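Asker: Please find one structure pasted underneath; my questions will follow.
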Amino acid sequence: MAEEIRKETAREKDVEIMLDNVGMVYKTTDGKDVTALTGVSFDIHKGEFISLLGPSGCGKTTLLRIIADLITPTSGNVLIGGETPRQARLKKRYAMVFQSAVLYDWRTVRKNVMLPLEIMKVPKKERIERADKMLKLVGLSDFADHYPRQLSGGMQQRVGIARALAIRPEILLMDEPFSALDEFTREKLHDDLLRIWRKTNKTVIFVTHNIQESVFLSDRVCVLSPHPGRLSAVVDIDLPRPRTMDIKDTPEFTALVAKVRNSFEGV
Amino acid sequence: MTNKARLNLLASVLLPLCVAVLLFILWQTEVLHILLGTDTITLPLPTRIGEIIGQNADAIWEHTQISLRVALGGLVMGSVLGYGIALIATIFPKWGAGGLSIVSAFNAIPIVALAPVINNWTRDISTEVDQRSTVAKMLVVMIFCTASMSINAFRGLTELKPFSEDLMKTYAAKRGTVFLKLRLPNSIPYIFTALKVSVPSSIIGALVSEYFAEDTVGVGRQIRENIVKGQYPTAWAYIAVACIIGIALYAILMLVEHLVMKRRKG
Amino acid sequence: MTKLKRILASKTTVTLVWVVGVMAIWEVFAFIVAATKRTPINVLPHVWQIVESFFSDKAVTGKMTMAQLIATSCGETLSRAAIGFLIGTVLGYLLALLMNMSGIVEKIAFPYLMIIQMIPILGMAPIILAITGDIDSSRMVIAAILTFYPVSTNTLAGFKAVEKEKHELMYSYAATGFQRYIKTYIPFSIPYFFTGLKISAPMAITASILVDTLQGGNGLGCMLSQSLKGGMTRLVFWDIVVISAIIGILSYYLMGLIEKLICPYKRRGQEVIL
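So the protein lines, in turn, are chains A, B and C.
Residue numbers for the first sequence follow my numbering, beginning at 9 and rising by one.
Residue numbers for the second sequence follow my numbering, beginning at 9 and rising by one.
Residue numbers for the third sequence follow my numbering, beginning at 26 and rising by one.
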């Protein structure tokens with residue numbers, strides 16, 4: 009009993025992001041209230057890979073945007089390392105990766121990765137060093153002087169990840185980053201993302217509508233259900249790491265996918 | 009939220025209106041004249057211009073009709089010609105696209121250079137000065153309006169929704185059918201885009217070609233003649249009329265576009 | 026053989042064939058005119074007559090040859106057009122910036138930008154000449170007005186076209202307002218800005234020539250009307266028509282060229298590597 013409590017407090021210390029009864033109500037132009045998200049409470053631990061999974065309209069992107077301080081919740085509290093999302097943003101504790109790579113097409117790949125460092129006024133020499141290091145990490149060293157338009161969609165998204173990592177955030181917020189890619193490219197990027205995650209020890213919050221993807225990548229899958237958007241289950245994925253593609257053929261994987269699928273409500 | 013939207017709309021109407029009123033007051037109280045370093049002879053007061061318009065309403069209306077006829081006649085001719093060129097370019101895409109770039113190059117030719125040339129060419133059309141002059145002016149406007157229509161219509165005829173052409177092919181549709189069911193309707197919004205450019209240019213074309221015309225009629229020519237004669241208030245009256253024509257034609261175009269596009273959406 | 030085919034299929038060849046075609050049609054008509062009219066040079070001279078007269082060392086007025094005459098009047102007209110164009114560009118860009126920064130400025134200025142497009146500014150050239158009383162400044166004023174609003178509306182459209190995600194990215198970096206403009210708004214809107222410049226460059230030149238014709242002086246337009254009135258050979262008129270057409274077209278391409286120099290990424294964007 010005492011041991012369990014000690015374990016509990018130890019985990020509490022590890023909490024990176026704390027969501028407490030978070031809710032979001034929009035007002036439409038004709039004055040009606042729409043509940044996008046209601047009563048979401050759970051903790052995300054340091055170094056954890058979390059997926060926010062759900063169909064469209066379940067509020068998963070809304071939740072991510074609340075954590076990113078892009079919108080303010082209408083109820084509840086969010087703490088990131090004990091601070092408000094705004095403080096966390098100003099301290100650059102997190103970095104965003106969007107659905108599209110959002111690259112600046114007038115900048116070379118290297119300069120795209122350097123963009124946030126320029127804004128943070130990092131000295132030029134260090135900027136270049138850090139950008140090149142990140143490009144090496146995502147395997148794009150040979151393309152540093154190319155322009156984004158010359159790259160494939162998968163490569164562009166890698167640049168987006170390199171740019172996010174360049175600011176050395178503690179948390180990586182990823183909003184359906186691979187949903188526009190084909191299956192083959194996506195699997196390759198899954199591998200790369202897990203490798204990078206292992207190497208850098210970031211906390212990752214990964215929004216997706218793909219059940220297989222969420223199970224393959226995550227430590228825990230947060231299942232959100234729509235109308236109104238709410239957290240309907242948190243499924244622990246206890247598959248061994250490091251994971252390779254083969255794991256997808258195991259019965260354990262299939263069972264977990266089924267478990268996640270069955271935890272949706274009202275779809 | 010709704011209140012906020014309403015307030016926003018109100019602001020976007022009231023703010024520019026306030027500026028207009030302020031401008032009017034500055035003009036009427038001759039502060040504007042000090043700012044521009046001019047006098048009430050060159051820049052008469054708005055009330056004086058209004059007076060002149062009232063006094064010369066008949067003559068102004070006559071010149072307005074003449075200019076409108078030239079502008080609209082040239083606009084129609086130029087738009088039809090432009091659409092025709094776009095059609096030919098659609099049928100022969102490789103050579104047509106090159107031809108279009110030639111047509112768009114015509115657009116860069118200064119209209120001042122064009123008007124006297126056309127005047128020379130139309131000398132034998134009629135023994136009546138007003139007839140051949142009208143034709144010459146219309147031709148200038150026509151050339152001025154062709155390019156925007158041909159370029160936009162070509163885009164409308166060729167930039168189809170993805171797979172729509174393939175869909176037509178699966179129906180084994182003939183070229184004519186593809187044109188009628190797909191290309192033609194697709195080009196309608198582009199026609200309006202073209203007209204938004206060419207309606208204002210048709211008026212400019214009409215006014216400027218009047219400067220060089222044999223016949224000394226039309227709103228543009230009256231602006232010039234009255235300035236030469238030192239009758240600035242009358243010149244300003246014609247300038248005001250020119251502005252009204254421009255705004256009115258554009259407003260009509262927007263209205264027609266609204267009606268047509270509304271019907272398309274169902 | 027395949028090389029020949031590729032050359033034939035290239036865009037330049039197509040354009041070249043068209044240019045030659047237009048000239049051929051011109052010549053056909055010139056021959057007809059030469060055979061039927063009493064003073065063919067007034068209606069349509071041969072292309073070679075125009076070219077020849079341009080390079081001829083015969084004096085057309087005073088001591089100047091055709092080339093000299095046109096060069097001096099071009100310099101006069103174009104320099105004023107260029108100054109007006111620059112002033113209009115700067116003012117137009119500043120207004121676009123202000124409109125993007127302040128909703129109030131945008132609300133005030135936007136309807137006026139709309140209206141100014143509908144008003145025949147060129148038709149007001151004589152009155153602007155009367156107000157300024159000076160041909161040089163009126164050339165600049167009209168060129169500036171005609172440049173001002175295409176630059177302003179297109180640049181503003183460029184600012185507005187920045188994607189939502191780029192704003193969010195800047196927000197997540199806690200970028201300052203200045204950084205947003207330097208890093209995102211301004212570079213993003215450059216192609217839009219150049220669209221405005223491409224529209225207004227030929228217009229500024231047209232305006233400058235038009236103002237010339239309203240009053241005596243040394244500009245292209247003055248020579249044009251003097252030649253029309255019979256003050257000098259008609260070929261001066263034809264040469265100026267051709268030259269001003271070429272300058273108008275070149276001014277458009279010059280803007281495109283500058284754009285390519287400023288944004289090389291667009292040009293290199295052609296060669297996609299997978």
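Ideal Cβ placement from N, Cα and C applies to all residues, glycine included.
If you're wondering where the values come from, they're calculated on a predicted model, not measured in any experiment.
Could you give the first and the last residue of the continuous beta strand (DSSP E) run that contains Lys35 of chain A?
Answerer: Its beta strand (DSSP E) spans residues Val23 to Lys35.
Asker: By the criterion of Cβ-Cβ separation under 7 Å, what are the contact partners of Ser134 of chain B in chain C?
Answerer: Chain C residues near Ser134 of chain B: none, gap ~16 Å exceeds 7 Å.
Asker: Would you identify the three-state DSSP class for His41 of chain B, choosing helix, strand or coil?
Answerer: Looking at His41 of chain B - three-state DSSP - the assignment turns out to be helix.
Asker: So which residues of chain B does Met143 of chain C contact, with C-beta pairs closer than 7 Å?
Answerer: What Met143 of chain C touches in chain B: Pro208, Gly254, Ile255 and Tyr258.
Asker: Tell me, please, which residues DSSP counts as bridged to Val42 of chain A.
Answerer: Answer is A:Tyr34.
Asker: Can you pull out the residues from the region 112-130 of chain C whose beta carbon lies closer than 8 Å to at least one beta carbon of chain B?
Answerer: Listed in sequence order: Ile129.
Asker: Closer than 9 Å between beta carbons: that is the criterion. Which residues of the region 119-137 of chain A meet it against chain C?
Answerer: Cβ contacts with chain C come from Leu123, Pro124, Glu126, Ile127 and Met128.
Asker: Spatial neighbours of Thr48 of chain B within its chain, please: C-beta separation below 6 Å, excluding the five flanking residues on both sides.
Answerer: For Thr48 of chain B, where only same-chain residues beyond five positions count, there are no Cβ hits under 6 Å.
Asker: For the alpha helix (DSSP H) that Met157 of chain B lies in, which residues bound it at each end?
Answerer: Counting along the chain, the alpha helix (DSSP H) containing Met157 of chain B begins and ends at Val137 to Thr166.
Asker: What first and last residue would you give for the alpha helix (DSSP H) that runs through Ile60 of chain B?
Answerer: Where Ile60 of chain B is concerned, the enclosing alpha helix (DSSP H) stretches over Pro54 to Gln63.
Asker: Taking Val266 of chain C as the query, report the chain B residues whose CB atoms sit under 7 Å from its CB, ordered along the chain.
Answerer: The answer, in chain order, is Ala121 and Val125.
Asker: Return the bridge partner residues of Ala241 of chain A from the DSSP annotation.
Answerer: The partner list for Ala241 of chain A (beta bridge, DSSP) reads A:Val231.
Asker: What would DSSP say about Thr258 of chain C, mapped onto helix, strand or coil?
Answerer: It is coil, neither helix nor strand.
Asker: Could you list the residues in the region 90-120 of chain B with a C-beta less than 8 Å from some C-beta on chain C, going in chain order?
Answerer: Correct list: Lys102, Trp103, Ala105, Gly106, Gly107, Ser109, Ile110, Ala113, Asn115, Ala116, Ile117, Pro118, Ile119 and Val120.
Asker: Leaving out five residues before and five after Ile13 of chain A in sequence, what residues of the same chain have Cβ atoms less than 7 Å from its Cβ?
Answerer: Its pLDDT being 49, under 50, Ile13 of chain A is placed unreliably in this model, and the coordinates cannot settle the point.
Asker: From what residue to what residue does the alpha helix (DSSP H) around Ser225 of chain C run?
Answerer: Here the alpha helix (DSSP H) through Ser225 of chain C covers Ile211 to Leu239.
Asker: Cβ closer than 7 Å: which chain B residues qualify as neighbours of Tyr217 of chain C?
Answerer: None at all; the shortest Cβ gap to chain B is about 16 Å.
Asker: Nearest to Ile253 of chain B by alpha carbon, out of B:Gln239, B:Ile211 and B:Ile231?
Answerer: Taking only the C-alpha atoms, the option nearest Ile253 of chain B is B:Ile211.
Asker: Give a yes or no on whether 9 Å exceeds the smallest Cβ distance from Thr23 of chain C to chain A.
Answerer: Nothing can be reported for residue 23 of chain C: it is not among the residues displayed for chain C, which extend from 26 to 299.
Asker: Which two residues bound the contiguous alpha helix (DSSP H) that contains Asn270 of chain A?
Answerer: Per DSSP, Asn270 of chain A belongs to the alpha helix (DSSP H) from Pro259 to Asn270.
Asker: For Met6 of chain A, which beta-bridge partners are listed by DSSP?
Answerer: Outside the displayed span of chain A (9 to 275) sits residue 6 of chain A, for which this structure offers no information.
Asker: Glu284 of chain C and Phe184 of chain C look like a contact to me (Cβ under 8 Å); what is the Cβ gap, rounded to whole Å?
Answerer: 17 Å between Cβ atoms; not a contact.
Asker: Mind checking Tyr219 of chain B: buried by the 16 CB within 10 Å criterion, or exposed?
Answerer: Classification for Tyr219 of chain B: buried.
Asker: Taking 9 Å as the threshold (C-beta atoms), are Gly226 of chain B and Ile74 of chain B in contact?
Answerer: Yes.
Asker: Just the Cα atoms here: how many angstroms apart are Glu273 of chain A and Ser240 of chain A?
Answerer: One C-alpha to the other measures close to 7 Å.
Asker: Is Ala200 of chain C near Ile127 of chain A, with beta carbons less than 9 Å apart?
Answerer: Contact flag set, yes.
Asker: Just list the beta strand (DSSP E) runs in the region 92-158 of chain A, keeping only unbroken ones of 3 residues or longer that don't cross its boundaries, in chain order.
Answerer: Segments of the beta strand (DSSP E) lying fully in the region 92-158 of chain A: 102-105.
Asker: Tell me the residue span of the alpha helix (DSSP H) that contains Thr102 of chain C.
Answerer: It spans Met91 to Met126 - the alpha helix (DSSP H) in which Thr102 of chain C sits, taken as one unbroken run.
Asker: Can you tell which of B:Val207, B:Lys270, B:Ile159 and B:Glu70 has its C-alpha closest to the C-alpha of Pro101 of chain B?
Answerer: When only C-alpha atoms are compared, the closest one is B:Ile159.
Asker: Are the C-beta of Glu284 of chain C and some C-beta of chain A separated by less than 9 Å?
Answerer: Answer no: the Cβ-Cβ gap between Glu284 of chain C and chain A never drops below 9 Å.
Asker: Pick out whichever of A:Asp140, A:Arg176, A:Pro185 and A:Ser149 has its Cα sitting closest to the Cα of Gly162 of chain A.
Answerer: Residue A:Pro185 is the option with its Cα nearest to Gly162 of chain A.
Asker: State the beta-bridge partners of Asn85 of chain A as determined by DSSP.
Answerer: Asn85 of chain A is bridged to A:Asp28.
Asker: What are the residues that DSSP puts in a beta bridge with Phe57 of chain A?
Answerer: A:Val212.
Asker: Quick check: the Cα distance between Met280 of chain C and Ala226 of chain C, rounded to an integer number of angstroms?
Answerer: The straight-line gap from Cα to Cα measures roughly 8 Å.
Asker: Could you have a look at Leu261 of chain B and say whether DSSP puts it in helix, strand or coil?
Answerer: The answer is helix: DSSP assigns Leu261 of chain B an H, G or I state.
Asker: In this structure, how does DSSP classify Gly168 of chain A when only helix, strand and coil are distinguished?
Answerer: Correct three-state label for Gly168 of chain A: helix.
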